[in-house]
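Q: Under the numbering used here, the letters of the sequence shown match residues 9 to 288, in that order.
Positions of the beta carbon are idealized from the N, C-alpha and C atoms, including for glycine.
Remember, it's a predicted structure, so these values are computed and weren't measured experimentally.
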Amino acid sequence: MHESIQLALIAMVFYGLSDWMYKSAASEGVQSHHFMAIQSMLFTPGILLYGYVTQSFYFEKSFFCGMTNGFITFLALYNFLSSLKSGAVSVIAPIFRLSFIITTILAVFFLDERFTLLKFLALCASLCAVFLLLGGEKKTSISQKALIQVIIATVLMGVASFIYKVGTLWGGTPATIITGQVSIFFPLALGFAFYKDRGFRPIPVAWKYGASASIFTLIALILLLSGLKIGEVSTLVPISQMGFIVTALMGYFLLKEPFTIRKYLGLACAFSALIFLSIS
Numbered sequence: 009m010h011e012s013i014q015l016a017l018i019a020m021v022f023y024g025l026s027d028w029m030y031k032s033a034a035s036e037g038v039q040s041h042h043f044m045a046i047q048s049m050l051f052t053p054g055i056l057l058y059g060y061v062t063q064s065f066y067f068e069k070s071f072f073c074g075m076t077n078g079f080i081t082f083l084a085l086y087n088f089l090s091s092l093k094s095g096a097v098s099v100i101a102p103i104f105r106l107s108f109i110i111t112t113i114l115a116v117f118f119l120d121e122r123f124t125l126l127k128f129l130a131l132c133a134s135l136c137a138v139f140l141l142l143g144g145e146k147k148t149s150i151s152q153k154a155l156i157q158v159i160i161a162t163v164l165m166g167v168a169s170f171i172y173k174v175g176t177l178w179g180g181t182p183a184t185i186i187t188g189q190v191s192i193f194f195p196l197a198l199g200f201a202f203y204k205d206r207g208f209r210p211i212p213v214a215w216k217y218g219a220s221a222s223i224f225t226l227i228a229l230i231l232l233l234s235g236l237k238i239g240e241v242s243t244l245v246p247i248s249q250m251g252f253i254v255t256a257l258m259g260y261f262l263l264k265e266p267f268t269i270r271k272y273l274g275l276a277c278a279f280s281a282l283i284f285l286s287i288s
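1) DSSP three-state call for Leu49: helix, strand or coil?
2) Mind checking whether Gln157 and Ser90 have CB atoms under 9 Å apart?
3) Have a look at Leu155 and Ile100 and give me their C-alpha separation to the nearest angstrom.
4) Tell me the start and end of each unbroken beta strand (DSSP E) in the region 124-209 that is at least 3 residues and wholly inside, in chain order.
5) Can you list the alpha helix (DSSP H) stretches of 4 or more residues lying completely in the region 211-282, in chain order?
6) I'd like the span of the alpha helix (DSSP H) that includes Asp27, first residue to last.
7) Could you tell me the boundaries of the alpha helix (DSSP H) in which Val116 lies?
8) Determine the contact status of Pro210 and Ala45, defining contact as a CB-CB distance below 9 Å.
9) By alpha-carbon positions, which one of Lys216, Ile159, Ala278 and Lys31 ends up nearest to Pro246?
10) For Leu131 and Arg206, I'd like the C-alpha separation in whole angstroms.
11) Ile186 and Thr176: beta carbons closer than 9 Å?
12) Using only the alpha-carbon positions, how far apart do Ile227 and Ile13 sit?
13) Can you tell me which of the three DSSP states Phe71 falls into?
14) Please name the residue in Gln63, Glu68, Phe43 and Ala34 whose C-alpha comes closest to that of Gly188.
15) Among Phe252, Ser280, Phe193 and Gly251, which one has its Cα closest to the Cα of Met49?
16) My assumption, with CB atoms under 8 Å, is that His42 sits in contact with Ala201. Please give the rounded CB distance.
17) Can you give the Cα-Cα distance for Gly24 and Thr255, rounded to whole angstroms?
18) Between the region 271-288 and the region 116-132, do at least 3 Cβ pairs fall closer than 8 Å?
Written out as structure tokens, the structure is:
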């Protein structure tokens with residue numbers, strides 16, 4: 009198995025753990041804007057420390073790729089969280105997860121990456137896995153406004169993943185690109201939280217989940233960007249975005265959530281997609 013695939017698979021696990029923290033925080037009443045602000049607040053010193061320890065931060069043009077991503081990622085998450093106000097999460101979440109399709113399209117057209125039969129089968133299997141594992145709730149209503157917002161969020165997140173690859177093609181290290189990203193995302197996330205609350209008053213438990221999520225996301229992003237330096241974004245991003253496999257398994261083993269036929273089929277599709285991508 010190629011080293012970049014291994015890095016993407018490990019990144020997928022850590023993205024799944026981060027998603028679990030978000031799910032747990034939401035179940036305990038943590039507001040989304042608080043979670044986003046706290047995560048970025050603790051994520052920022054983490055990447056600065058990583059850059060210092062590894063001596064891999066360089067102020068170069070790839071830093072501006074990161075800055076661009078900071079702005080795009082904030083807009084994507086803002087639209088995603090806004091869409092949840094008037095749309096069922098069982099509809100919104102699967103749509104948002106499809107951002108890797110946008111990334112793949114951009115990579116094929118602008119970076120001339122290969123689009124093989126195996127990649128096509130993997131994308132189809134991923135689509136099935138997303139809707140089988142993340143859908144299925146009884147409430148499936150969604151307003152036109154929420155639909156527009158989640159589509160915008162999905163496209164923006166797909167573009168952000170593509171820009172990561174551009175940054176690595178420009179010679180950027182994970183420390184350089186991610187530091188550029190937090191230089192924009194952190195003040196926007198914190199400023200938005202202050203604007204929403206006319207202050208900053210998260211409940212105490214938000215810090216625990218935000219801290220955990222910041223560590224998991226930082227590790228995942230470093231691994232993904234390390235993989236993107238040597239591998240194709242149209243392969244690695246779809247793999248890393250299937251962290252819902254991890255959350256589904258954790259729900260079963262830790263919370264004893266029932267495993268329906270729908271979930272079994274979803275996991276089968278997800279693992280099929282991973283196999284197709286690994287050998288594509």
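A: Reading from the atomic positions:
1) According to the sequence as given, residue 49 is Met; it is not Leu. The answer is helix: DSSP assigns Met49 an H, G or I state.
2) yes
3) If you draw a straight line from the Cα of Leu155 to the Cα of Ile100, it is about 8 Å long.
4) none
5) 213-236, 241-248 and 252-262
6) Glu11 to Ser35
7) Ser107 to Phe118
8) yes
9) Ala278
10) 43 Å
11) Taking the C-beta atoms as reference points, Thr176 is found no nearer than 9 Å to Ile186.
12) 16 Å
13) helix
14) Glu68
15) Nearest to Met49 by C-alpha distance, out of Phe252, Ser280, Phe193 and Gly251, is Phe193.
16) Indeed they touch by this definition, with Cβ atoms about 6 Å apart.
17) 6 Å
18) yes
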